[in-house]
Amino acid sequence: MEEVLLRFRGFVVGQLNQLGSMLLLFLDILKTIFSKRPRWQETILQTYKIGWQSQAVVVVTGAFTGMVFAVQTYLQFHKVKMDTAVGPVVSVAMTRELAPVLTALMVAGRVGAAIAAELGTMKVTEQLDALRSMGTAPVDYLAVPRFIALLFALPLLTAESMFFGIFSGYLVAVQMCGIDEAYYLNHMYQFTAAKDVVSGLIKAVFFAMFIAVISTYKGFNAGEGAEGVGRATTQAVVVSSLTVLIANFFITVIFSKIIPV
Amino acid sequence: MIQIQDLRKSFNGAEVLRGVDFEVHDSETVVIIGRSGGGKSVLLKHLCGLLQPDAGRVIVDGVDIEPLSERELTPIRKKFGVLFQGAALFDSMTVFDNVAFPLREERKFDEEEIGHAVEHALSIVDLLQAKDKKPAELSGGMRKRAGLARACVMQPKYVLYDEPTTGLDPVLADNINNLILRMRDHFHVTNIAVTHDMTSAYKIGDRIAMLHEGRIHAVGTPSEIQATTDPIVRQFITGTGTIQQEVQRGAETVH
Chain W
230 MEEVLLRFRG FVVGQLNQLG SMLLLFLDIL KTIFSKRPRW QETILQTYKI GWQSQAVVVV
290 TGAFTGMVFA VQTYLQFHKV KMDTAVGPVV SVAMTRELAP VLTALMVAGR VGAAIAAELG
350 TMKVTEQLDA LRSMGTAPVD YLAVPRFIAL LFALPLLTAE SMFFGIFSGY LVAVQMCGID
410 EAYYLNHMYQ FTAAKDVVSG LIKAVFFAMF IAVISTYKGF NAGEGAEGVG RATTQAVVVS
470 SLTVLIANFF ITVIFSKIIP V
Chain A
150 MIQIQDLRKS FNGAEVLRGV DFEVHDSETV VIIGRSGGGK SVLLKHLCGL LQPDAGRVIV
210 DGVDIEPLSE RELTPIRKKF GVLFQGAALF DSMTVFDNVA FPLREERKFD EEEIGHAVEH
270 ALSIVDLLQA KDKKPAELSG GMRKRAGLAR ACVMQPKYVL YDEPTTGLDP VLADNINNLI
330 LRMRDHFHVT NIAVTHDMTS AYKIGDRIAM LHEGRIHAVG TPSEIQATTD PIVRQFITGT
390 GTIQQEVQRG AETVH
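Chains W and A, in that order, give the protein sequences. As numbered in the numbering used here, residues 230 to 490 make up the first sequence, in order. As numbered in the numbering used here, residues 150 to 404 make up the second sequence, in order.
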């Protein structure tokens, strides 16, 4: 029993230690952003890799989520003759929840894994030590450009996902389910406000920070060899995804207090 | 001058350095020898602050680097060039960009000056023809030479070499040894190399220090080391060890 308690204590201390280290990394990144000249070339390259190259996966995710959501809500609303409610339900769900969360999850999987694997490999092949030995802090050269790129790209990807989700939901509802186009659009505009879109985009900003800091931290602290890099990559994706899902709940609760529905 | 005083370092409870005391004088080439896994690379990484000691001090040109933060270490680190064991070239860059990296980071030079400096460094290591290649396209020896060019392009005061000839054939190893000597003669740098290649140690070293069981066990010129009667040094430099000794070492490790 005592051994179990000791192990549990060790686990809790280890997790708190990691959390503290991630917070310090986050503060170091912020300090560097505001105190050093930005590395535009590297930031643009990372924005291209993280943002531009993630578009296909984000568009497909957003579009098919909108489509399936339209079909499911139509099947339920049709029973109570409220077919045109599909429009606002799809658009509000996409803007407030589905687009920011699903986009963040897809980006955590695609980009978070890539960041952790790249930085982890650099660590085990002593490339991080080489950077430090030349007087370049890995945070300046590697973490900050990825952080800025994610901060810029994720809200844009989220907006793209919102658009394709709503548009594909509209196509399915009108073309497949036969809902009247004018009523559909009218109700959608009536019940979807700018604050829905803005709250979704603000969530994306938070999610971008979580993914960037967690993936960078896991990469910088990868264990030895291929196994260490593999473990760092898996942990980056799992921890980022869970953080996005858990943080989404709390951000939603806070938003509901600040911006009443 | 670099002074190492009572340097101690442990990893997961295993004591690797157990109180290293040593001095490296300006413009000399010191070779640190010792068994694989004996802490030579760990010692080397302490010299430019890549590792923090558990106890003891490293003093570089009168500055104790132990209490310095990562950012405060930057000016100290700029005095060093490091050739890592696997060269540690940046995968995403060409050889040219790798060698140009420290110059570009300095943000003092224009591209023309950088081009001249990089080509000069690459010509010294005879790698000018491979400047547009990526590290993955290079052989082990070419990677080491590119790493050497990168370590020396800023003309640092100290150059650290981590196993510079390991994994190379004797001809390439001799090539690297000659390059290290050429660097010393061209740029008057202070070289500190860790190796277990005795041919290399005799050729490049002004002094040889043996790291044994976490401490500096013996120091001397190459001829003094060759002539020593110390059984531990003799066993290492001649490469002889009885099977009984190996078994005993293994048993001690297990216990």
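Idealized CB from N, CA, C, for every residue including glycine. What you are looking at is a predicted structure, and each value in this text was computed from that prediction instead of being measured.
- Around the beta carbon of S320 (chain W), 16 or more other beta carbons lie within 10 angstroms, which makes this residue buried.
- In this model, C406 (chain W) and A342 (chain W) are separated by some 39 Å (Cα to Cα).
- Apart from the 5 residues on each side of it in sequence, G316 (chain W) sits with its Cβ closer than 6 Å to the Cβ of Y413, H416, M417 in its chain, given in chain order.
- Residue contact check for A237 (chain A) against chain W: a CB pair falls below 8 Å.
- Contact between V434 (chain W) and P384 (chain W) holds, since their C-beta atoms are separated by about 6 Å, short of 8 Å.
- When DSSP reads this structure, G230 (chain A) sits in a beta bridge with A:V308.
- Here A367 (chain A) is bridged, per DSSP, to A:M359.
- Using a Cβ distance threshold of 8 Å, D240 (chain A) and A285 (chain A) count as a contacting pair.
- When DSSP states are grouped into helix, strand and coil, S159 (chain A) belongs to the strand group.
- Along the segment 337-363 of chain W, the positions whose C-beta sits under 9 Å from a C-beta of chain A are E347, T350, M351, T354, E355, Q356, L357, D358, A359, L360, R361, S362, M363, read in chain order.
- The beta-bridge partner set that DSSP reports for Q152 (chain A) consists of A:E172, A:I208.
- Chain A places no beta carbon closer than 8 Å to that of T387 (chain W), leaving this residue out of the contacts.
- Legend: CB atoms of the segment 204-235 of chain A lying less than 9 Å from CB atoms of chain W belong to residues E219, R220, L222, T223, P224, I225, R226, K227, F229, G230, V231, F233, Q234, G235.
- When secondary structure is reduced to three states using DSSP, I181 (chain A) falls in the strand class.
- Interface annotation, P251 (chain A): in contact with chain W, CB-CB separation under 8 Å.
- Residue pairing from DSSP leaves R339 (chain W) without any beta-bridge partner.
- The beta carbon of A366 (chain W) sits closer than 8 Å to some beta carbon of chain A.
- If you draw a straight line from the Cα of P371 (chain A) to the Cα of Y310 (chain A), it is about 18 Å long.
- Burial is judged here by how many other beta carbons sit within 10 angstroms of a residue's own beta carbon; I341 (chain A) has at least 16 and is buried.
- For Y370 (chain W), the CB contacts under 8 Å within the same chain, skipping 5 residues up- and downstream, are R268, E271, L360 in chain order.
- By the Cβ rule, the segment 477-489 of chain W does not count as touching the segment 168-179 of chain A, because fewer than three pairs are nearer than 8 Å.
- Between P202 (chain A) and K257 (chain A), the gap from beta carbon to beta carbon reaches 8 Å or more.
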